[in-house]
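Undergrad:
Protein chains: 4
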Amino acid sequence: MCRWAAYIGRPIYLEDVICRPGHSLVRQSHGAQRCHTAVNADGVGLAWYGDRPEPGQYRDVMPAWSDSNLRSLTATLKSHLFLAHVRASTGTATSRNNCHPFVVGKWSFMHNGQFGGYDSYRRHADALIPDDYYQHRKGATDSEALFLMALAEGLETDPAAAMSRATAKFETLARDRGTAPHVRLTAAFSDGQRLYALRYASDDHAPTLYHRWSDTRGGRAVVSEPLESDEEGWQEIPAQSFCVFQGDSLTVTPFNPAALRAAA
Amino acid sequence: MCRWAAYIGRPIYLEDVICRPGHSLVRQSHGAQRCHTAVNADGVGLAWYGDRPEPGQYRDVMPAWSDSNLRSLTATLKSHLFLAHVRASTGTATSRNNCHPFVVGKWSFMHNGQFGGYDSYRRHADALIPDDYYQHRKGATDSEALFLMALAEGLETDPAAAMSRATAKFETLARDRGTAPHVRLTAAFSDGQRLYALRYASDDHAPTLYHRWSDTRGGRAVVSEPLESDEEGWQEIPAQSFCVFQGDSLTVTPFNPAALRAAA
Amino acid sequence: MCRWAAYIGRPIYLEDVICRPGHSLVRQSHGAQRCHTAVNADGVGLAWYGDRPEPGQYRDVMPAWSDSNLRSLTATLKSHLFLAHVRASTGTATSRNNCHPFVVGKWSFMHNGQFGGYDSYRRHADALIPDDYYQHRKGATDSEALFLMALAEGLETDPAAAMSRATAKFETLARDRGTAPHVRLTAAFSDGQRLYALRYASDDHAPTLYHRWSDTRGGRAVVSEPLESDEEGWQEIPAQSFCVFQGDSLTVTPFNPAALRAAA
Amino acid sequence: MCRWAAYIGRPIYLEDVICRPGHSLVRQSHGAQRCHTAVNADGVGLAWYGDRPEPGQYRDVMPAWSDSNLRSLTATLKSHLFLAHVRASTGTATSRNNCHPFVVGKWSFMHNGQFGGYDSYRRHADALIPDDYYQHRKGATDSEALFLMALAEGLETDPAAAMSRATAKFETLARDRGTAPHVRLTAAFSDGQRLYALRYASDDHAPTLYHRWSDTRGGRAVVSEPLESDEEGWQEIPAQSFCVFQGDSLTVTPFNPAALRAAA
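Sequences listed follow chains G, X, Y and P, in order. Position one of the first sequence corresponds to residue 3 (the working numbering), numbered consecutively onward. Position one of the second sequence corresponds to residue 3 (the working numbering), numbered consecutively onward. Position one of the third sequence corresponds to residue 3 (the working numbering), numbered consecutively onward. Position one of the fourth sequence corresponds to residue 3 (the working numbering), numbered consecutively onward.
1. Report the residues of the stretch 88–103 of chain Y with a CB closer than 9 angstroms to any CB of chain P, ordered along the chain.
2. Using the beta-carbon of each residue, which ones in chain C are nearer than 9 angstroms to residue 63 of chain P?
3. Would you list, in chain order, the members of the stretch 70–88 of chain P that have their beta-carbon closer than 8 angstroms to a beta-carbon of chain G?
4. Hey, quick one: how far does the alpha helix (DSSP H) through residue 71 of chain G stretch, first residue to last?
5. Below 8 angstroms on the Cβ atoms is my guess for residue 59 of chain X versus residue 105 of chain X; work out the distance and round it to an integer in Å.
6. Can residue 2 of chain G and residue 185 of chain G be called in contact, C-beta distance under 8 angstroms?
7. Residue 257 of chain X: which of X:226, X:219, X:203 sits nearest, CA to CA?
8. Starting from the C-beta of residue 34 of chain X, find all residues in its chain whose C-beta is less than 7 angstroms away, skip the five residues before and the five after it, and write them out in chain order.
9. Short of 7 angstroms Cβ to Cβ, which residues in the stretch 31–42 of chain G face chain X?
10. Does any residue of chain Y have a CB that is nearer than 8 angstroms to the CB of residue 121 of chain P?
11. To which residues of the same chain is residue 180 of chain X closer than 7 angstroms at the C-beta, ignoring the five residues directly before and after it?
12. With C-beta atoms as the reference, is residue 15 of chain G less than 8 angstroms away from residue 84 of chain G?
13. Applying a beta-carbon distance threshold of less than 7 angstroms, which residues of chain X neighbour residue 136 of chain P?
14. Could you give the C-beta distance for residue 113 of chain P and residue 189 of chain P, rounded to a whole number, given that I count them as a contact under 8 angstroms?
15. Measuring only between beta-carbons, confirm whether residue 171 of chain X sits less than 8 angstroms from chain P.
16. Quick check on DSSP: helix, strand or coil for residue 195 of chain Y?
17. Just list the beta strand (DSSP E) runs in the stretch 135–206 of chain X, keeping only unbroken ones of 3 residues or longer that don't cross its boundaries, in chain order.
18. Tell me whether residue 234 of chain X is buried or exposed, calling it buried when 16 or more other Cβ atoms sit within 10 Å of its Cβ.
19. Quick check: what's the CA-CA separation for residue 199 of chain X versus residue 244 of chain X?
20. Apart from the five residues on each side of it in sequence, which residues of its chain come closer than 8 angstroms, Cβ to Cβ, to residue 208 of chain X?
21. So the alpha helix (DSSP H) residue 20 of chain X belongs to, where does it begin and stop?
22. At the level of alpha carbons, what is the spacing between residue 193 of chain G and residue 49 of chain G?
23. Compare the Cα-Cα distances from residue 96 of chain G to each of G:259, G:62, G:166 and report the closest residue.
24. Tell me the residue span of the alpha helix (DSSP H) that contains residue 121 of chain Y.
25. Between G:212, G:218, G:216, which lies nearest to residue 225 of chain G when the distance is taken from Cα to Cα?
26. Do we get a CB-CB distance below 8 angstroms when we pair residue 108 of chain G with the residues of chain Y?
27. Can you tell me the Cβ-Cβ gap for residue 127 of chain G and residue 144 of chain G, rounded? I've got them flagged as a contact below 8 angstroms.
28. Report yes or no: is there a C-beta of chain G within less than 8 angstroms of the C-beta of residue 129 of chain Y?
29. Per DSSP, residue 253 of chain G is paired with what?
30. Please look up how many angstroms separate the CB atoms of residue 271 of chain P and residue 56 of chain P, rounded, as I've assumed it's under 8 angstroms.
31. To the nearest whole angstrom, what separates the beta carbons of residue 67 of chain Y and residue 31 of chain Y, a pair I think is in contact under 8 angstroms?
32. Quick check on residue 168 of chain X - is its C-beta less than 8 angstroms from some C-beta in chain P?
33. Going by DSSP, what residue range makes up the beta strand (DSSP E) through residue 110 of chain X?
34. Please state whether the Cβ-Cβ distance between residue 142 of chain P and residue 168 of chain P is less than 8 angstroms.
35. Classify residue 30 of chain X as helix, strand or coil using the three-state DSSP reduction.
36. Report the residue from Y:232, Y:238, Y:250, Y:154 whose alpha carbon sits nearest the alpha carbon of residue 216 of chain Y.
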C-alpha cells in the first residue's frame, strides 16, 4: 500500500499539498492513518505539468521526509496540475524505476493497492503489454504494468474504458493465477488537461479516496487521506467509481471492470 | 534517537542479530518500541571485525528494511564482534557520512541519543577536535564529533576515562550554549578485542540499553531493545554505567562525567 | 560495454584484484583501454563465495572509484571465488537491479557486451523466460534476461550447452528483430565450485577476455583487461570459446550457438 | 577539478545549457577537454531562480549523464538565472551535501578548483566560519567553507570585497599549512538579481572561464568550457578577474586577494 495526493486548479506551490498541511503527504509517509502500512518510505515521486505537454518527473528512493531535493522542488515549483506519491513496497525493490508517478509522453500515472499473488502471474501481465509500450517498461511493479496496459487499451481516446479493460485483464489473471484479495486499487492519472482518479476493489475493501475543493486556492485536492484531520469539506469517493476532474467540475461514473469480464 | 545492536562471542552470521530475531534490528527500524521514534529509517550501518585489525564498514542511506545489500551482507558475513545501527536523524542530512558506525583505524563507534540544541554549539564542538583527528571528520553529526573527541582524549589507553572526558566536554557545551535535555546517550564501540558500551543522561531519561548472554550461541548481544519480546535473560544496564564486554565476561563501572565537570 | 574481473584460487582479499593492481577493475571504471567506453561508471557489483552455498552480493549505483562501501568490503572480504563488475549502460537505467553480478540461488552471473536493437525485442526475450525464473527478473537488462534464460535451459546440468542454447535464442531474436551487431559478449558465472567464462560474437568483434595464473597467489584472474599493463603471463582467450576454471586447471571448448541455430 | 555552467538572460529551459549543446555540461561530465580530469562524475547539482527569492536546489550523487531526474528537471524548468555543476572530487566523499551549488537564503554558490593540502588545514578553515553561518555547514568541502566565509565577510553588501577577503584568508591558511598549488579557483554565485563569477590563481594556472552572449536567446552563458566547440563568440575571462553580469551587461574588475594579504 502507498499514499498519494493530486491537485488540479489555480497554480500553487507543490508544498501546499505535499509538505505544509498538518497531515500532508510527507506526514503520511511516516504516519498514515487509513491504511495497514503507517510507514510509506520506499521512495517518493512527483509529476507536474507546466509549459510543455510532457510533465516534469522527479523520483527517488529516499523516504519523503528526508529528501532534501523533494523539499526544495516542492517549495519552488508551481503547477496547476500535479501528482505526488509515497511508496510502501509490496515486494519489489526500492529503485527509482519502481517509484510512482510513471510518465509516458504527456501521461502521468500513480497507483495504490494490491494485486494478490502478483509475482506468480507477473510474466503473464508483462506479456499483455504490446511492443510499442513495452519499451517504457523500466521497473518490475504491477503499477507500471497496469499503466502501460491502459495506454495500450486506449487511455488517449477513452480513459474510463481503457482503465476498465486493463483492470479487467489484471483481475482475470489474478483470479486465474493469483490469490485473494484479487484487486484493490486507487489510481490517479492525467494527460495535462484533466485529472482522472478511480477507486475499485474486487472485494469490499477498496483503499480510501477523498477530494476537497478549496475556494481560497481555487483548486481541488484528490488524496488517499485528508490533508487536515479537522477540516470540513473532505468527501469520500465511493468504491467502484471513476472520476474526471476538470476545472472546478467533477464527474463520477461507475467503474465496473467485472462487467467486462462477465461479457468476455 | 536511533536503535543499535552489537555482538561479541563465537562467530555468527550477522543476520542472527540484525534480521532474523522477532524484534531484530531491522524490525526496530520500522517498529521500535522503547523510544520516541518508532521509525528509524534515515540510514543503516555495520562494522564487523574479521582477519584484519581494521573492521569492515558498510553504511547506506536507505531504510534497513529495503536495503538488498544489507540483507545479503548479513546473510554472508560471520563475525565474532560486530556493531549495527539504524538511524533516526535529529536534524542532520541522510548521507552515508552521517550514518553509524563510524570507523577510524581499528576503532568503530556508534551512538544513540540527543544533545539538546546541538546546532547552536556545533562549531565549538568541532573546534575541540585536534587536527590529527579532524581529517576523519566527514559528516556533520554530534555522534562523529563525540567519537573523534574521545579518540583525542585517549580512547586507546583508557576507554572509560576518554569517553568520560569527551562526554563532559559535550555536556559543558550543552549546558553553556544548548538546551535541555543536555545529554542523553548510549554508545557502543570496539577496538576489535573488547566491546564497550555506556548508558548515560544528564537527566533521568537515559535511553534504554540491554544485554543477554546466549549459551547456545556462545555469545552476547548488547542492544537498544531486546531482540525477542518474550525471551528470558535480557538484562537492563543501569543508567550512568560503563560496560566492558570481553569473552563471556562483563564489567560494569559507574560512568560519571559530571564529576569531571565539577572537578574542572 | 562494461568491464569485469573474476578470480578462482586460494582465498585472497577482493581488493587484490579490484582495487590494488595498477590497472585494477576500479581503474578500468574510469580508464578502460580495450573497449569503446573508457568510462564504466553506471554502477558496480560483487558476488563472492564463502561458507554458504549462496554467494554474497553487493551492488550499487555509484561509480566504483567513489564507493566507500566497495572500498571497505574489498579490503575486508577474502574469498576463493568471486566476480566483480563495473557497468557502462547501453541504455537501461542506473539502478541496483540493473547492476551485475546477478544472483539466483547459488549461481552468480555477469556479462559484458551488446545485443543490437535489444529494446525492439526485449518483450520477446522476456517472454522466453519461464514463470519459475521470471520471479527473479528484477531489472530491465539484456544481461539478466540471458542469465535467467540460461538457468531455464539447464545451467545446473550442462553449463556450456545451456549458455549455448540461451545465446542462440537471443541471436535468433536479434537477427529477426534487432540490428547489427547482433551478439557480442563475454560472460562469467559460477556455482561456487567452478568458474565459467565465455567469449563470443556473431561478427569478428568479440569483446576482449584474458586470464592469468599466479603462482604467488595460487589463483587465477579472468578479466576484461589485464590487471597490470607490463606483466607477463596474460593470455587472451580466443573468440567463440567456452572456459571452465577449476582449481588450477582450465578447459577451453568451442562455443558455437550458431550451430544450434542452423540445426533448429 | 569540476566543470560548471551558469546563465543569465531571458528565461530558457535549463537543458539548453546543460544537456542540448554539443559540448553541454552533461557532455563535459564524461569528456571535459580543458582540465586534468576528463571525468566529472562525482555528483551533479542545479540552483535556479523563479518566483521566490530563494532558488530551487537539486543535487544528487549520480553522474550527470545517468541521472533521470536531472534530465526531466532541465527539460521542464525555465529560468532567467541558474547555476549548474558537475563534480570531480578532490578527496571528499560523493554525497549530496558535498555537491554544488550550495544555497543559503537567496544566495547560491558553486566552485571549481583546488586548495593544495586542504585536509591539513580544514579545521582552521572551519574555525573561521562564525556561528551564524556554521549551522549551514553540511558537508566537508573547501567549496562550502569558502562560500560560508564569503557570506560572513559581507557577500550581501560588497560581493567582490567579501570574496576577496574570504579568498585571502584561505590563501593565508594554504601558504602557512598547505601545499602548492595554494589557490586555483573559479566560482559563480548569485543573489537572484546578478550573476557573479571570478577566476583566480596564486600561480599561473587559473582554471579556464568563458562567457558568450547570445542574441537569439537574449542571454549569456558563463562556463568552464565553451558549450560548442566550433561556435564563435566565446570569450575567455582573464585570470585574476571578478565579473558582474546583469541584464546584458558585464563588468570586469581585477580580483587581487593577495593585495589584502600584503596589507594585512
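Every residue, glycine too, gets a C-beta built ideally from N, C-alpha and C.
TA: So, from the data block:
1. 91, 95, 96
2. In the structure shown, chain C cannot be found, because the protein chains are G, X, Y and P.
3. 70, 71, 74, 75, 77, 78, 79, 80
4. Within the first sequence, numbered from 1, the residue matching residue 71 of chain G stands at position 69. Segment 70–78, the alpha helix (DSSP H) holding residue 71 of chain G.
5. Position 57 of the second sequence, counted from the first residue, corresponds to residue 59 of chain X. Position 103 of the second sequence, counted from the first residue, corresponds to residue 105 of chain X. Yes, they are in contact, since the Cβ atoms of residue 59 of chain X and residue 105 of chain X sit about 5 angstroms apart, within 8 angstroms.
6. Since the first and last residues shown for chain G are 3 and 266, residue 2 of chain G lies out of range.
7. Working through the second sequence from its first residue, we reach residue 257 of chain X at position 255. The candidate whose alpha carbon is nearest that of residue 257 of chain X is X:203.
8. Position 32 of the second sequence, counted from the first residue, corresponds to residue 34 of chain X. Excluding sequence neighbours, residue 34 of chain X sits near 5, 40, 42, 227.
9. 32, 41
10. Numbered from its first residue, the fourth sequence carries residue 121 of chain P at position 119. With 8 angstroms as the cut-off, residue 121 of chain P does not count as an interface residue toward chain Y.
11. Indexing the second sequence from 1 puts residue 180 of chain X at position 178. Cβ neighbours of residue 180 of chain X beyond the five flanking positions: 117, 118, 119, 120, 122, 123.
12. Your numbering for residue 15 of chain G matches position 13 in the first sequence. Your numbering for residue 84 of chain G matches position 82 in the first sequence. It is not a contact, given that the beta carbons lie outside the stated cut-off.
13. The residue you call residue 136 of chain P lines up with position 134 of the fourth sequence. The contacting residues are 124, 125.
14. Within the fourth sequence, residue 113 of chain P is the residue found at index 111, counting from 1. Within the fourth sequence, residue 189 of chain P is the residue found at index 187, counting from 1. Sure, about 5 angstroms apart at Cβ, within 8 angstroms.
15. Residue numbering aside, residue 171 of chain X sits at position 169 when the second sequence is read from its first letter. Not an interface residue.
16. Translated into positions along the third sequence, residue 195 of chain Y becomes position 193. Residue 195 of chain Y falls in the coil class under three-state DSSP.
17. 186–192, 197–203
18. As a first step, residue 234 of chain X is located in the second sequence; it is residue number 232 there, counting from the start. Exposed.
19. Reading the second sequence from its first residue, position 197 is the one you call residue 199 of chain X. Reading the second sequence from its first residue, position 242 is the one you call residue 244 of chain X. Cα to Cα, residue 199 of chain X sits roughly 6 angstroms from residue 244 of chain X.
20. Start at 1 with the first residue of the second sequence, and residue 208 of chain X comes out as number 206. Same-chain partners within the cutoff: 186, 187, 188, 201, 202, 241, 242.
21. Taking the second sequence and counting its residues from 1, the one referred to as residue 20 of chain X is at position 18. 17–20 is the span of the alpha helix (DSSP H), which, as asked, contains residue 20 of chain X.
22. Residue numbering aside, residue 193 of chain G sits at position 191 when the first sequence is read from its first letter. Residue numbering aside, residue 49 of chain G sits at position 47 when the first sequence is read from its first letter. Whole-angstrom Cα-Cα distance: 11 angstroms.
23. In the first sequence, counting from the first residue as 1, residue 96 of chain G sits at position 94. Considering only alpha carbons, the answer is G:62.
24. Looking up residue 121 of chain Y in the third sequence gives position 119. Its alpha helix (DSSP H) spans residues 120–129.
25. Translated into positions along the first sequence, residue 225 of chain G becomes position 223. Nearest C-alpha to residue 225 of chain G: G:212.
26. Taking the first sequence and counting its residues from 1, one reaches residue 108 of chain G at position 106. No, residue 108 of chain G does not count as interfacial toward chain Y.
27. Walking along the first sequence from the start, residue 127 of chain G turns up at place 125. Walking along the first sequence from the start, residue 144 of chain G turns up at place 142. Between residue 144 of chain G and residue 127 of chain G the Cβ distance is about 7 angstroms, and since that is below 8 angstroms, they are a contact.
28. As a working mapping, residue 129 of chain Y is identified with position 127 in the third sequence. Output row for residue 129 of chain Y: interface = yes.
29. Translated into positions along the first sequence, residue 253 of chain G becomes position 251. In the DSSP output, where bridge partners are listed per residue, residue 253 of chain G has G:246.
30. The requested residue 271 of chain P is not part of the displayed model; chain P covers only 3 to 266.
31. The residue labelled residue 67 of chain Y in the question sits at position 65 within the third sequence. The residue labelled residue 31 of chain Y in the question sits at position 29 within the third sequence. Contact flag correct, Cβ pair sits at about 6 angstroms.
32. Position 166 of the second sequence, counting from 1, holds the residue named residue 168 of chain X. Cβ-Cβ to chain P under 8 angstroms: no for residue 168 of chain X.
33. Stepping through the second sequence from its first residue, residue 110 of chain X is reached at position 108. Its beta strand (DSSP E) spans residues 109–116.
34. If you number the fourth sequence from 1, residue 142 of chain P lands on position 140. If you number the fourth sequence from 1, residue 168 of chain P lands on position 166. In this structure, residue 168 of chain P does not lie closer than 8 angstroms to residue 142 of chain P by Cβ.
35. Sequence index remark: in the second sequence, residue 30 of chain X carries index 28 (1-based). Helix, per DSSP.
36. Within the third sequence, residue 216 of chain Y is the residue found at index 214, counting from 1. Of the candidates Y:232, Y:238, Y:250, Y:154, the one whose C-alpha sits nearest the C-alpha of residue 216 of chain Y is Y:250.
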